[in-house]
Each structure stands twice: as structure tokens, then as C-alpha cells.
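Residue numbers (our numbering): 99 to 359. Ideal Cβ placement from N, Cα and C applies to all residues, glycine included. Contents: one structure, followed by commentary.
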């Protein structure tokens, strides 16, 4: 696939942007997502700026596996428009603030998606599926439990990806949220109950996927009362984007991944 825009001037070799003098992240999120932008901005170190581009999708009801599969199709169909729109600010990295799409159809499909986006933008790409794998290895997580906002078909794709990537999924809890917007309505208390439900001595840690579930702050707290790594996917994505860009700043309040590694 040919690049949509001339990106020859991109990169941070001669960064002069007054606020984003270290990195300018182009962040793709569905138009229904209200959690990625505030959580990424809360984790943003000085000299890094986040530039949101919204993938325009309707807030369709999610009542079945078929509805959820249609949502993934809608995201894929509208994605390139959002990619091309954000490229005109000359970002230095593309960051996917979407998770379901990056797990869909397993490891090979995830690798292919990253390659396609890299070819279109001529930028390095950070995305949730790969970021989780790197985070698990850094934290010593091999056997995991998962919390998602998805219906069963979404959960099946998450399990497939992680197991193809070499991890064992012991338990998964899908919250079956009723629409894309309502994913962000899940409270910290509901998430805390879900974490306790899937915890056990037979896992190394917990991962929450679904970028519209706001769990970055809760994950840090949960590590204290579960005594194991708890990773929010938004934290994993942003951590991966920073570290892959050579930025080693540590940030407290979002869990051990961003605070220690």
C-alpha cells in the first residue's frame, strides 16, 4: 500500500514544535471513545503532545456477537480517513487508541494491521496488542486473566491473540457493554468487582482491554490489594509509545509498568 501523504519531513531529527519538542503522537480513537484522550493526556510527559484523530462511527447498540462484529467492520472502514486527517500535523508516531481491532483474527492479523498502517503513514506504530505482549514480558506475566467490555466474540479474539503470542489466558470476564459509548460508563467499582472475580493464585497478573474502559488509575490501586501486576491497556499503549520513542520518563499513579519500567 502506498503512503497516503508525503511523510519525508517527519521524524524528530529537527523537531522545532514548541510544545511537542520530543514527540508528537498521532492518536487514533473511535469517535465514541471518551476515555483514551484524558487518560493519555494524564500520562503525558513534558515535551510530548497527543493529537487526537477520531474514527467516525455510529454509537450502535451492542446486543449480540453480530453487533460487535459489525462494530469492528465500521472501525476498519473509517480508519484510513482518520489516519490521513491527522498526518497533516506532521506527527512522529502513530498510536492506536483502539484495542479490539488490534486483537481481531489473531497474531498474524495484528502484525498485518501494523504493517499496513506503517506503510500508509511511514511512521512507527504503537498498538494495544503488541504493547500488552511487551508489558507482560517486562512484568513477568505468562498466565493471565482478562477483563473486557466485549461480547463473547470479542473475548474469543482476545484469547486467541494472547495464546498465539505465547501467553496463557486462565480466565476472561466480558462485561457485554450495551453500546460503544456505554463502555465509558462502567464505574471503577464495577471494574474492581470484575478484577476480584477473575483474580486467583493461578495467574501472574491481570490485563484490562477495551480502551474506552477508564481503568488507568484503578489499575495502580488494584496492584496494592491484589499484590500482582494489573495492567490497563491505555497505560500499556502509552508506555509502549514512550519507551519505543526513547522516552524513559517514569510516572507515578498509573501502576508499576509506567512507574518502574
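With 16 other Cβ atoms within 10 Å as the buried cut-off, status of residue i
i	result
residue 287	exposed
residue 359	exposed
residue 114	exposed
residue 117	exposed
residue 210	exposed
residue 293	buried
residue 202	buried
residue 191	buried
residue 171	exposed
residue 285	exposed
residue 231	buried
residue 144	exposed
Contact check, residue i vs residue j, beta carbons under 8 Å
i	j	result
residue 131	residue 310	yes
residue 329	residue 317	yes
residue 189	residue 240	no
Residue from the options whose Cα sits closest to the Cα of residue i
i	options	result
residue 269	331, 340, 165, 306	306
residue 173	220, 278, 344	278
residue 322	303, 308, 184	303
residue 266	168, 234, 158, 198	234
Residue i - DSSP class collapsed to helix/strand/coil
i	result
residue 277	coil
residue 235	helix
residue 266	strand
residue 245	strand
residue 272	strand
residue 353	coil
residue 284	coil
residue 319	helix
- Message: Threshold first: 3 residues or longer. Then list the beta strand (DSSP E) segments lying entirely within the segment 123-193, N to C.
- Response: 146-153
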